[in-house]
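Protein chains in written order, with my numbering: chain A, 2 to 809; chain B, 9 to 369. Don't be surprised by glycine CBs; every beta carbon is placed ideally from N, CA and C. Since the structure is predicted, the reported quantities are computational estimates derived from the model, not experimental observations. Remarks on the structure that follows.
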Amino acid sequence: MKFTLSWLKDHLDTDATLDEICERLTAIGLEVEEVDDKAAFRPFVIARVVSAEQHPNADKLRVLMVDTGKGDPVQVVCGAPNARAGLVGAFAAPGTYVPGIDVTLAIGTIRGVESRGMMCSEKELEISDDHDGIIDLPDDAPVGESYAAYAGLDDPVIEINLTPNRPDCTSIFGIARDLAASGLGTLRTPKPPSFEVEGETPVKVRLDLGGDGHLCPGFALRIVRGVKNGPSPRWMQQRLLAIGLRPINALVDITNYMTFDQGRPLHVFDAAKVKGNLTVRRAKDGETVLALDTREYTLNPSNIVIADDNGIESIGGVMGGEKSGCDGNTTDVLIESALWDPMNIARTGRSHGIITDARYRFERGVDPEYMVPGLERATELVLELCGGTPAEADVVGYRGYSARAVDFPVSEVKRLTGLDVSSDESVDVLTRLGFTVTGSGERVSVAVPSWRPDIDGKADLVEEVMRIHGVDKIRPAPLESHGAVNGRILTTLQIRSRLARRALAARGMLEAVTWSFIPKAQAELFGGGAASLSLANPIAADMSDMRPSLLPGLLSAARRNADKGYGDVALFEVSGTYENDRPEGQRRVAGGVRRGTASLAGSGRLWSNATRGGGKPVDVYDAKADALAVIEACGLPMGNVQIKPGAPAWYHPGRSGTIRLGPKIVLGTFGEFHPKALAALDVSGALCGFEIFIDAMPEPKKKATRTKPALDLSPFQAVRRDFAFVVDSTVEAGAIVRAATGADRKLITAVNVFDVFEGASLGEGRKSIAIEVVIQPTDKTLTDEDFEALTARIVGNVVKSTGGVLRA
Amino acid sequence: MTELDTLEHQLMADVAAAGDEAAIEAVRVGALGKKGSVSELLKTLGGMSPEERQTRGAAINALKSRVADAIGARKTVLRDAAIEARLLAETVDVSLPVRASPAERGRIHPISQIVDEITAIFADMGFSIAEGPDIETDYYNFTALNFPEGHPAREMHDTFFFPADETGERKVLRTHTSPVQIRTMEAQKPPIRIIIPGKTYRQDSDATHSPMFHQVEGLVVDTKANVANMRWVLEEFCKAFFEVDGVTMRFRPSFFPFTEPSFEVDIQCDRSSGPIVKFGEGTDWMEILGCGMVHPNVLRAGGLDPDEYQGFAWGMGLDRIAMLKYGMPDLRDFFNADVRWLSHYGFRPLDMPTLFGGLSA
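So this is what it looks like as structure tokens:
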């Protein structure tokens, strides 16, 4: 919402400065977005050309002597065709910034003649596009005075960012009323219009809306005959221009002026072009109208139109029609002041993409009580600017306004804001804003004025009192302390998510946040793509489906980095994936990918890679280590975690695994990727990844005590024994470890696989797995016989469960 | 020169000549071993007269002692030399580079770090963290939050929709974290003090808008919480979060469907030095959050009587306050996973925000 300072002062009698007004507007909730104080115009002064001589060295240039009203005339070289002795125009001295050419003037020499300033065109001042010549003012324009003041261009323009709840401030009068209520001046009440009417308005209005009368709760129409529709006066044009509106002709300008001045959108029809009476009705399906923006709109029955015998003349409350518009030939004008349903206007405007000042106001709510007064005021302006004879208005449908009454305990102000405002002050504020307060004491009844459809409860009234009384008067008051040391506030899921992040970052991975929506093809590839998870209105085709997995986003991110020359990347994300559209369908997942040589030990070439690790292409075991690190960090007992070969289809079937906890819970998956999946994602290079479902982890068992179990340190020396078994190459190392461990769960504290060997010497389809068994005696030193027996059990167990043999 | 003198002279020469530990050991065996020259002499003492033994015996023992000392001394010298030589041989080039520790290479995304910072601050004020789903019903995202059907305020949200289901209901991607207010009130009786961080979505994209972004929302409901308390909470938060001694905040009346009265809050700052914003100084204002007293209709939607319970709520852009605090210029970079950006703007895994250790290092 834009307006000028002088326009505001039409309605507000105040001595406040521009700054004070702006500060107050913001303080009462009418946030000032921008102020143009027109300071840029200040350096331009009115000056008279005393003499104009031909430039000695240029045919098209003249050398002017210019009287700027100060000191001796100054010499200016000028190329304008209309530069002549006696012309009065706008002069800019050296040092002035000229907006239209984006130059700060300096004393210059043009073709050998010194020039000390510039006579400007309207284009150079960005007043209009006129660049045919320099500004040519009447002879009596005061030389030496400010050009902007003379031309009315110095009126500051204020733009407020109006919140959608304040239709009353879509008018400059309404803004003035708010400011006056806040104590910044006095509201000027206009003299009621008075004019003689002659006869009736011959065009009648019929509301044909069936039972949906609320769609047009009032319509007022008046003819003014014998008008002369020329350009509107300069003051009106300047105000309209200042707020960004193009003057058309007096009749149209009056409607625009009323829209901003009073928040009362109007429409004018050229009576000569209207055939028969007007009907307000729903549009027929497919009915078209050529609107004032010269576009043709195809309407439907949810749009309300004003039609005559020729068809649709106007889209009610949104935009008038081109056919019956007013122009210079208009002699009889029909002025419409009507009311429309806000929701219907919003829908109609939205569905046709029409944004107008009328729609802006009607969809917020126009003051119903001003429908007829608005018509009266518009008639008065028409008579003032265009002459003519008004007829009696035809008013249909309007049933009057019955004010809502809000029961208001004045103590609500204190209860909700903490402000100590006396009952009298609260009542006073509301009265100044136009509310009618009845009753007295602690509980009053407040009638809401017709221009405030946003007020419907106590809290709204609290806001009114508070914003006018002053928000800055509310002093911060500490929130009551719970009076104790805070306990744990995070849920297990939140704690585990944090731990997963820190654990993965501590493994050299970078946390990414990638889009929750991914391309449909990728979603389908990773087990998603259901219609219910596919956006109806995606912002881009490749951001269409809620992700079923973090991996496609991370893999794509790895590719983007590789494309930029960073091929060794380790990325992870801890976030949501979506199994269905219900709250429980949103999973909490920690996922990660490593590309190139970005292993835990480190990536890239380094002198020590051969001896100290690092720099090797990543593989399934890097992903497995990351996956297990998350589970470990989340505090799950690792002894119960099982690794099964194989994972979903996007993984390499022979180089992937699934992590389970017991028979039911899938904790996650890891591995290298299926070449087809990588090809579909257009990614390449050594890649591995994992996903851990944090939300699948069971809550830890509640512990009765924080005490850790007693530590029993054995005094006997631990012993290590090595075994190697030759087994079928399909046998899992894990099976050998389990079998060996099972030989004596008390004595055997660890079994480590320290070598895996496949070679011709073992025969086709065979491999050797070497394990180190750590034996910790607990109550005595083991004898040779004890060892022999234990060794036999270890070998026996392994042989029995894997079909292998002890390697000789 | 006596026979003993000659022997001693010879042995001392051998000791001095021994070039390594093996040579000196050979000298020791040759002199003091079982059949060594000095040991042989000692064996002769048995056949001597007591007088002879007294003089000659003492001389031989003295010789033995001097030889043994010399050998011992020489051994030490040779052992030290051997160690010296070994150490010299073992010398490596310590200027060769080693790998940085993984914990030094890894990074936490600024969003996660900021959530931890906010958690640390609000935990101190007695708040807990609440979360909710990204895919919401129209009811939780709008209706329960007092956005009437067809209200222009709904339009301002540029909502992402899912296709209508068989009942005609269209789910949405939540446009704000506020649905969690309703979910929390449904699940828990006051007093309520929660912080709601999370992902939010709007159909909008430029340098300061992204179709996916993050918000953090706060909700306090009890029987007393008012605007004055809200001012205190928000001022304390901003001071703590931006790590400055004081901030000046401006509360402007504004409008949100779910609060009444509503405010937008500006923070005084200095924006004169380009993109870097300094808080706690300067004369500019920057909008930082929206807030207000929970609307009676919202309390009712949460199953609470607005005449008994009252409270306040606020919301702000997580990404935005991250940008303000840490200076990232473009919101879109947050979601690009560019490793250069992550390494530069990310946080080390051991940089844990706490109040006792300071939020940021």
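{"query": "Below 9 angstroms between beta carbons: does that hold for arginine 356 of chain B and alanine 111 of chain B?", "result": "yes"}
{"query": "Closer than 8 angstroms by C-beta to aspartate 569 of chain A: which residues in its own chain qualify, once you throw out the five before and the five after it? Chain order, please.", "result": "Arg596, Gly597, Thr598, Ala599, Ser604, Gly605"}
{"query": "Taking the continuous beta strand (DSSP E) assigned at asparagine 753 of chain A, which residues delimit it?", "result": "749 to 758"}
{"query": "Listing by chain order, which chain A residues have their CB less than 8 angstroms from the CB of valine 347 of chain B?", "result": "Leu511, Asn562, Tyr567, Val570, Leu572"}
{"query": "Closer than 6 angstroms by C-beta to threonine 437 of chain A: which residues in its own chain qualify, once you throw out the five before and the five after it? Chain order, please.", "result": "Ala448"}
{"query": "What are the boundary residues of the beta strand (DSSP E) that includes asparagine 304 of chain A?", "result": "No beta strand (DSSP E) holds asparagine 304 of chain A; DSSP gives it neither H nor E."}
{"query": "Along chain B, which residues have their Cβ under 7 angstroms away from the Cβ of valine 514 of chain A?", "result": "His117, Ile119, Phe342, Phe343"}
{"query": "Pull up the distance between the alpha-carbon of glutamate 370 of chain A and that of lysine 232 of chain B, whole angstroms please.", "result": "40 angstroms"}
{"query": "For tryptophan 6 of chain B, which residues in chain A fall below 7 angstroms Cβ to Cβ?", "result": "Nothing can be reported for residue 6 of chain B, as the shown portion of chain B is limited to 9 through 369."}
{"query": "Nearest to leucine 494 of chain A by alpha carbon, out of A/Ser7, A/Glu337, A/Cys635?", "result": "A/Cys635"}
{"query": "Output needed in chain order: residues of the segment 170 to 189 of chain B with a Cβ under 9 angstroms from some Cβ in chain A.", "result": "Phe170, Pro171, Ala172, Asp173, Arg178, Lys179, Leu181"}
{"query": "Closer than 6 angstroms by C-beta to valine 290 of chain A: which residues in its own chain qualify, once you throw out the five before and the five after it? Chain order, please.", "result": "Tyr298, Ile313, Gly322"}
{"query": "Taking the alpha carbon of valine 269 of chain A as the reference point, which residue from A/Arg226, A/Gln239, A/Gly245 has its own alpha carbon closest?", "result": "A/Arg226"}
{"query": "Based on Cα-Cα distance, which residue from A/Arg444, A/Asp395, A/Ser451 lies nearest to glutamate 199 of chain A?", "result": "A/Asp395"}
{"query": "Just to confirm the assignment, what range does the alpha helix (DSSP H) spanning arginine 365 of chain A have?", "result": "No alpha helix (DSSP H) contains arginine 365 of chain A, which DSSP labels as neither H nor E."}
{"query": "Along the chain, where does the alpha helix (DSSP H) containing methionine 344 of chain A start, and where does it finish?", "result": "343 to 353"}
{"query": "If we count the other Cβ atoms within 10 Å of its Cβ and call it buried at 16 or more, is valine 102 of chain B buried or exposed?", "result": "exposed"}
{"query": "Under DSSP, the beta strand (DSSP E) around aspartate 274 of chain B begins and ends at which residues?", "result": "267 to 278"}
{"query": "With a threshold of 9 angstroms between beta-carbons, can glutamate 786 of chain A be considered close to chain B, or not?", "result": "no"}
{"query": "Out of B/His303, B/Met56, B/Gly206, B/Lys72, point me to the one whose CA is closest to isoleucine 122 of chain B's CA.", "result": "B/Gly206"}
{"query": "Please report whether the beta-carbon of histidine 303 of chain B lies at a distance below 9 angstroms from any beta-carbon of chain A.", "result": "yes"}
{"query": "Assuming valine 67 of chain A contacts methionine 2 of chain A (C-beta within less than 8 angstroms), just tell me the rounded distance between them.", "result": "Wrong, their Cβ atoms sit about 41 angstroms apart, outside the cutoff."}
{"query": "What would DSSP say about arginine 223 of chain A, mapped onto helix, strand or coil?", "result": "strand"}
{"query": "Flag this pair as yes or no: are the beta carbons of leucine 326 of chain B and alanine 128 of chain B separated by less than 9 angstroms?", "result": "no"}
{"query": "Rounded to the nearest angstrom, what separates glutamine 189 of chain B and glycine 184 of chain A at their Cα positions?", "result": "38 angstroms"}
{"query": "In the DSSP assignment, the beta strand (DSSP E) including aspartate 455 of chain A goes from what residue to what residue?", "result": "Per DSSP, aspartate 455 of chain A belongs to no beta strand (DSSP E) and is neither H nor E."}
{"query": "DSSP three-state call for lysine 768 of chain A: helix, strand or coil?", "result": "strand"}
{"query": "Tell me, to the nearest whole angstrom, how far the beta carbon of leucine 181 of chain B is from that of phenylalanine 168 of chain B; I am working on the premise that it is less than 8 angstroms.", "result": "4 angstroms"}
{"query": "Kindly indicate the opening and closing residues of the beta strand (DSSP E) around isoleucine 313 of chain A.", "result": "312 to 316"}
{"query": "Note down the Cα distance separating threonine 69 of chain A from serine 129 of chain A, rounded to an integer number of angstroms.", "result": "23 angstroms"}
{"query": "Who are the near neighbours of leucine 297 of chain B in its chain, counting only those whose CB is closer than 6 angstroms to its CB and skipping five residues on each side?", "result": "Val273, Trp322, Met324"}
{"query": "Interface residues of chain A around proline 357 of chain B at Cβ under 7 angstroms?", "result": "Arg503, Ala506, Ala507"}
{"query": "Just the C-alpha distance for alanine 91 of chain A and aspartate 262 of chain A, rounded to the nearest angstrom, thanks.", "result": "31 angstroms"}
{"query": "With a threshold of 16 other CB atoms inside 10 Å of the CB of lysine 324 of chain A, please say whether the residue is buried or exposed.", "result": "buried"}
{"query": "If distances are taken between C-alpha atoms only, which option among A/Ser557, A/Tyr622, A/Ala93 comes closest to alanine 824 of chain A?", "result": "There is simply no residue 824 of chain A to check, as chain A begins at 2 and stops at 809 in what is shown."}
{"query": "Are the segment 619 to 632 of chain A and the segment 722 to 735 of chain A touching, with three or more C-beta to C-beta distances below 8 angstroms?", "result": "no"}
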